[in-house]
């Protein structure tokens, strides 16, 4: 039984498109994780600095 053929669209094109979409999704997910980590680090730094008491006598 023959597969469904769509004029102008090859299986290679579909495969390449899916591969690019997957790579882009992974890139975006990785970038979001990096930004989350940076945000969390900045929050911890801010929290620590807020609770840090500077004593000029030292």
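In my numbering, the protein residues as written are 469 to 526. Yeah, the Cβ is synthetic: ideal placement off N, Cα and C, and Gly gets one too. From a predicted model like this one, the values you see are computed outputs, not experimental measurements.
Look at the alpha carbon of residue 502 and the alpha carbon of residue 484, and state the distance between them as a whole number of angstroms. 27 Å
Could you give the first and the last residue of the continuous alpha helix (DSSP H) run that contains residue 514? 479 to 518
Output the distance between the C-alpha atoms of residue 487 and residue 504, rounded to the nearest integer angstrom. 26 Å
Have a look at residue 513 and residue 506 and give me their C-alpha separation to the nearest angstrom. 10 Å
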